Amino acid sequence: MLKELTFLGLELNNLTGSIPQAVGDLPNLNFLLLFNNSLTGILPQKLGSKGLLQKVDVSTNFLEGPIPPSLCNGNNLSRLILFSNRFNGSLPSSLVNCISLSRVRIQNNRLNGQIPLGLGQLPNLTFLDISDNEFSGRIPDDFGNAVRLQFLNISGNAFESALPSNIWNSTSLQIFSAAGSKITGEIPDFVGCKNIYRIELQGNSLTGSIPWDIGHCEKLIQLNLSRNSLTGIIPWEISALPSITDVDLSHNSLTGTIPSNFNNCTTLENFDVSFNSLTGPIPSSGIFPNLHQSEFSGNPGLCGGMVAKPCAAEMLSPEDNQVDGRRQEPRKTAGAIVWIVAAAFGIGVFVLVAGTRCFHANYGRRFGNDGQEMGPWKLTAFQRLNFTADDVLECLSMSDKILGMGSTGTVYRAEMPGGEIIAVKKLWGKQKENIRRRRGVLAEVEVLGNVRHRNIVRLLGCCSNKECTMLLYEYMPNGNLDDLLHGKNKGDNLVADWFTRYKIALGVAQGICYLHHDCDPVIVHRDLKPSNILLDADLEARVADFGVAKLIQTDESMSVIAGSYGYIAPEYAYTLQVDEKSDIYSYGVVLMEILSGKRSVDAEFGDGNSIVDWVKSKIKSKDGINDILDKNAGAGCSSVREEMIQMLRISLLCTSRNPADRPSMRDVVLMLQEAKPKRKLLDSIVIGRCGGDGDGDGGDNVVVCGGEIPLAQKPTAES
């Protein structure tokens, strides 16, 4: 009877009772559609055993018991729709071999046990919803390797485990939801999440900070991390996402300030940061005046009109701070790396132990004593690396490519086995006179290990043993600005073009602006000069060499002068006072070098004079500006000349003898943007930003948010 039946569809009725077990014996059944009824009992346990079943939809009934293990015999089943029933037991392990399966909706049941390993590796699976069940245990790593999976919802379970470290690596994943699933541990790094446009992790037990590389999620529209135990700062990279619309970070333990970059994010519609430990002013422009006060409540340290709590004078918004009838830009202290203070001690102890003594110089390529390696090498990574300490040592043993020598060591170029090229800074030897130089690297590790910014060189890791310490950096193929401005190829090098010089100047300003305004405590570089400005493959500027950088929490003085002659602010030499104004002065000197093509100190300027003295004397003479502006940069063109003169004015402000007369770096960025070349800027330079990350992928540094928003259709019931 009914042996030729291929399609059984009785959906959308008022059927009651159980499904006859004989249905499982139908030899040619391809489709079973019984959804939206009031059926009870269990599914026929032989269903699918004949190997021809293609689709099962019995959703929205009162069915219970186990899911039949034979549903995918024959590998023809493409859709398994069982949601809103009372199924219990574990998910059949046979499903991990169902290569035909493309859509699984089993949410809102009573299924338990672990998710079987291998489900994420199904080659045709695009949609998986197992939410609101009782699954527990480890979340399979293979979800991160899924080839076609677009929708993954594991919310409302009881995993009590961490997310897989590769969860964002699924190249097709668009929506990921794991709300209220008792997930522990930290949020994995966001590398690989470029196609995801909705992330829901609210209501878990997540700890640690929000990964700074969320900028990789360039299509992200909705981000919900509320009701967890997250700490650290709000990454400014969230504001740089071009399509971000909804952000909910409420009910965590986030600290620092709301990054000023959010002022410029035009796509943002909702931004809930209530019940954290945020401090400082609430941004006063963009969407913020339209937000409800409740989205900022529970943060006693926040101030501004939104919460009816006035800020201190130096933290007022541009709308509130008026001097002489004109609106003045305030000094924003946007949040950055407050937790670096706690981490600095631990990092310092580690490096002091690992780097107390360096191998003798006659170790050869592997930096040992008398040709013998001293102790096991340890690689401390600050991001995911594809090589080991042994790989680094092996590459250095075969490399004689020296990129340069700094105050703390020699920098080598090394190609890893996987083809990745890095820069390795080997600290100076352990001779007594070099101990102080090697200590300078402690500041570099403390600073760069935690800073994430597109215009600051990335510290990849630290490789050390009891005799030696080496720092591993991203490799900058275009060298440094000093070589390009003043090297032997001057005149036909990459920075002959004015637009390129402007791009480099703005990038440096953005990096220093981040250190001054978006880091807590403030970071002062103290040795800004062209040789410490590196250039990547796209000629993006990266500020480097933080060996003398200082974390500023209160006004303090230094026991020695740090910096390079020609770039040190005049007041620094006799007051030893450390503040941001010394970096502003150094930056002004760099601008003068970019404009003139001359070094900061040259015999042409006269005894005891620097480029600052020379420029200030030239502008007082007739046609002196013609002598200042580098003709190789296009100063002969009237439009370029005007743009260069505007930058010259900025450099003069930065090098004012009185520190109080120098602008903040945030103001410098704004002035540079007003002086931008009339030609269309590259995508990587965006008006309205005071920072970027270290990354170099394009979408990370968009602050004026825009672009198309992909349609995020909410999954609906099957029909």
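Heads up, the sequence shown is in UniProt numbering, so the first residue is 1 and it goes up one at a time. Just so you know, even glycine gets a beta-carbon here, dropped at the ideal spot from N, CA and C. As the structure is a prediction and not an experimental result, all values here were calculated from the model.
For residue i, collect the residues of the same chain with a Cβ closer than 7 Å to its Cβ; drop the 5 residues on either side in sequence, then sort them by chain order.
i: THR554; result: Summary for THR554: the model assigns pLDDT 39, below 50, so the residue's position carries little reliability, and this model does not support an answer.
i: SER656; result: ARG662
i: GLY118; result: VAL96 and ASP142
i: ASP99; result: With the sequence shown as reference, residue 99 is identified as Ile, and Asp is not the correct amino acid for it. ASN75, LEU122, PRO123 and ASN124.
i: GLU218; result: LYS194, LEU241, PRO242 and GLY699
i: PHE190; result: TRP168, PRO211, ASP213, ILE214, HIS216 and CYS217
i: ASN30; result: THR6, PHE7, LEU52, LEU53 and GLN54
i: SER294; result: SER274
i: PRO677; result: TRP498, PHE499, TYR502 and GLU643
i: ASN609; result: none
Could you pull out every residue in the same chain whose Cβ sits closer than 6 Å to the Cβ of residue i, ignoring the five residues on either side in sequence?
i: LEU201; result: ALA178 and LEU225
i: ALA569; result: SER582 and TYR585
i: ILE287; result: LEU268
i: residue 721; result: Coverage of the chain is limited to positions 1 through 719, which leaves residue 721 absent and any answer about it impossible.
i: VAL411; result: LEU403, GLY404, ALA423 and LYS425
i: ASP320; result: Summary for ASP320: the model assigns pLDDT 38, below 50, so the residue's position carries little reliability; its value from the coordinates is reported in the next sentence. Nothing listed; no residue qualifies.
i: PRO417; result: ASP391
i: ASN88; result: ARG110
i: LEU33; result: GLY9, GLU11 and ASP57
i: residue 748; result: Given that the chain is displayed from residue 1 to residue 719, the structure contains no residue 748 and the question cannot be resolved.
Using DSSP's beta-bridge definition, name the partner residues of residue i.
i: LYS55; result: PHE31 and ARG79
i: VAL543; result: ILE456 and ILE533
i: ALA414; result: ILE422
i: ASN224; result: GLU200 and ASP248
i: GLU218; result: Paired residue(s): none; GLU218 is not in a bridge.
i: residue 726; result: As shown, the chain starts at 1 and ends at 719. That puts residue 726 outside it, with no answer to give.
i: residue 722; result: Residue 722 is absent from the structure shown; the chain starts at 1 and stops at 719.
i: THR380; result: CYS462
i: ARG86; result: GLU64
i: ALA162; result: THR184
i: MET405; result: THR410
i: LYS309; result: GLY304
i: ASN112; result: GLU134
i: ILE42; result: GLU64
Report the rounded CA-to-CA distance for residue i versus residue j, giving the unit in angstroms.
i: LYS148; j: CYS637; result: Correcting the residue identity first, residue 148 is Arg in this sequence and not Lys. Cα to Cα, the separation comes out at about 54 Å.
i: LEU101; j: VAL273; result: 40 Å
i: CYS654; j: TYR567; result: 12 Å
i: PRO20; j: ILE42; result: 9 Å
i: THR6; j: ASN28; result: 5 Å
i: GLU64; j: VAL58; result: 11 Å
i: SER229; j: GLY298; result: 15 Å
i: LEU125; j: ASN153; result: 13 Å
i: VAL590; j: LYS529; result: 6 Å
i: GLY364; j: LYS401; result: Since pLDDT at GLY364 reaches only 40, below the 50 mark, its modelled position is unreliable, and the value read off the structure follows with that caveat. Going by the C-alpha atoms only, they are around 14 Å apart.
i: VAL56; j: LEU82; result: 8 Å
i: LEU534; j: ARG413; result: 14 Å
i: GLY588; j: LEU427; result: 30 Å
i: ASN169; j: GLN150; result: 12 Å
i: ILE611; j: ALA537; result: 29 Å
i: LEU472; j: SER285; result: 40 Å
i: ALA389; j: LEU379; result: 5 Å
i: GLY156; j: GLY203; result: 9 Å
i: SER131; j: HIS517; result: 42 Å
i: SER49; j: ASN112; result: 24 Å
i: ASN133; j: GLN107; result: 6 Å
i: PHE275; j: HIS251; result: 5 Å
i: ASN532; j: GLY487; result: 15 Å
i: SER205; j: SER90; result: 25 Å
i: LYS503; j: SER161; result: 46 Å
i: ILE421; j: GLU415; result: 4 Å
i: PHE262; j: ILE650; result: 26 Å
i: ASN85; j: CYS72; result: 20 Å
i: PHE159; j: GLY232; result: 25 Å
i: PRO281; j: ILE234; result: 14 Å
i: LEU105; j: PHE127; result: According to the sequence as given, residue 105 is Arg; it is not Leu. Roughly 8 Å between the two C-alpha positions.
Does chain C have any CB closer than 8 Å to the CB of residue i?
i: PHE83; result: No chain C appears in the structure shown, which is made up of a single protein chain.
Heavy atom of the ligand NAP less than 7 Å from the Cβ of residue i, yes or no?
i: GLU64; result: Here there are no bound small molecules, and the ligand NAP is not part of this structure.
With a threshold of 8 Å, are at least 3 pairs of Cβ atoms found where one atom belongs to the stretch 36-47 and the other to the stretch 11-27?
Yes, the stretch 36-47 is in contact with the stretch 11-27.
Contact between the stretch 460-478 and the stretch 513-533: three or more CB pairs below 8 Å?
Flag = no, the stretch 460-478 and the stretch 513-533 do not touch.
Say whether the stretch 589-602 touches the stretch 453-472, bearing in mind that this needs 3 or more beta-carbon pairs closer than 8 Å, one atom from each stretch.
With the rule of 3 Cβ pairs closer than 8 Å, the stretch 589-602 does not count as touching the stretch 453-472.
Report the start-end ranges of each alpha helix (DSSP H) in the stretch 586-626 that is 4 residues or longer and not cut off at the edges.
Within the stretch 586-626, the complete alpha helix (DSSP H) runs of at least 4 residues are 611-618.
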